[in-house]
Amino acid sequence: MRFLLDTNVCSSYLKGEQLVWNRFVQHSGGLATSVVCAGELWTWVKRGKASTKSQQAVAEFYTLIDIIEVDMEVALSFGELRATMMDQGTPMPDMDCLIAATALVHDLTLVTHNTMDFANVGLLRLQDWLAP
């Protein structure tokens with residue numbers, strides 16, 4: 010099984026959260042994140058909330074996992090998902106919708122601590138590696 014890591018899980022890994030580290034080692038080679046999450050992490054770095062050591066850790070982290078870009082298939086899935094969620098009266102933030110679309114298109118399980126944010130997305134497999 011392959012996994013798409015949400016920003017909060019990537020951040021927990023970088024902070025040394027043991028539960029996430031254990032899963033990271035267990036599933037090494039099957040981990041990816043979205044270019045959206047990579048951008049969110051880098052925003053944190055560039056806004057001055059990260060030390061130079063943390064900046065290096067984030068840059069190194071990007072080399073340890075696959076970074077999945079938004080291509081046309083993901084873009085179309087995003088549009089379809091966003092329209093469906095809006096029609097159901099359960100719109101979600103665009104970035105979360107892009108992350109969900111990426112997981113769906115690439116048949117990945119989305120790993121997030123914010124499972125409720127994605128609970129209304131049909132067919133999306135979710136795991137929370139921070140839950141005890």
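In terms of the working numbering, the sequence shown opens at residue 10 and continues consecutively. C-beta: ideal position from N, C-alpha, C; glycine also. Everything numeric in this text was worked out from a predicted model, so none of it was measured.
Sort the options by Cα distance to residue i and report the nearest one.
i, options, result
"E82", "S63, D96, A68, I108", "I108"
"Q97", "G48, G131, D15, W53", "G131"
"S37", "P100, A140, E89, L13", "L13"
"S86", "N129, G57, V114, N31", "V114"
"S43", "N129, W30, D137, D105", "D105"
"W138", "F127, N129, L119, T111", "L119"
"K62", "D126, A112, D116, K24", "K24"
"Y71", "A84, Y22, V79, A112", "Y22"
"V174", "A112, T99, M94", "No information on residue 174 is available, as it lies outside the stretch 10 to 141 that the chain covers here."
"S48", "R32, I77, L73", "According to the sequence displayed, residue 48 carries Gly and not Ser. If we check each option's Cα against that of G48, I77 comes out closest."
"A84", "D103, A68, V67", "D103"
"L73", "A140, W30, P141, V79", "W30"
Report all residues from its chain with a CB closer than 7 Å to the CB of residue i; omit the five preceding and five following residues, and keep chain order.
i, result
"N17", "T121, H122, N123"
To which residues does DSSP link residue i through a beta bridge?
i, result
"T146", "No answer is possible for residue 146: the residues shown for the chain start at 10 and end at 141."
"V67", "None; V67 has no bridge partner."
"V120", "L14, Q136"
CB-CB under 8 Å to residue i, same chain, minus the five flanking residues each way: which ones, in chain order?
i, result
"S20", "L50, W53"
"G39", "M10, R11, F12"
"V34", "none"
"D75", "L40, A41, T42"
"L133", "A109, A112, L113, L119, F127"
Would you say residue i and residue j are within 9 Å of each other, going by their C-beta atoms?
i, j, result
"A110", "L90", "yes"
"F2", "M101", "One cannot answer for residue 2 here, as it falls past the ends of the chain, which runs 10 to 141."
On the CB-based measure, 16 or more other CB atoms within 10 Å of its CB, does residue i come out buried or exposed?
i, result
"D15", "buried"
"R56", "exposed"
"L117", "buried"
Identify, in the order they occur along the chain, each residue of the same chain with its Cβ nearer than 6 Å to the Cβ of residue i, setting aside the five sequence neighbours on each side.
i, result
"T93", "none"
"Q64", "V54"
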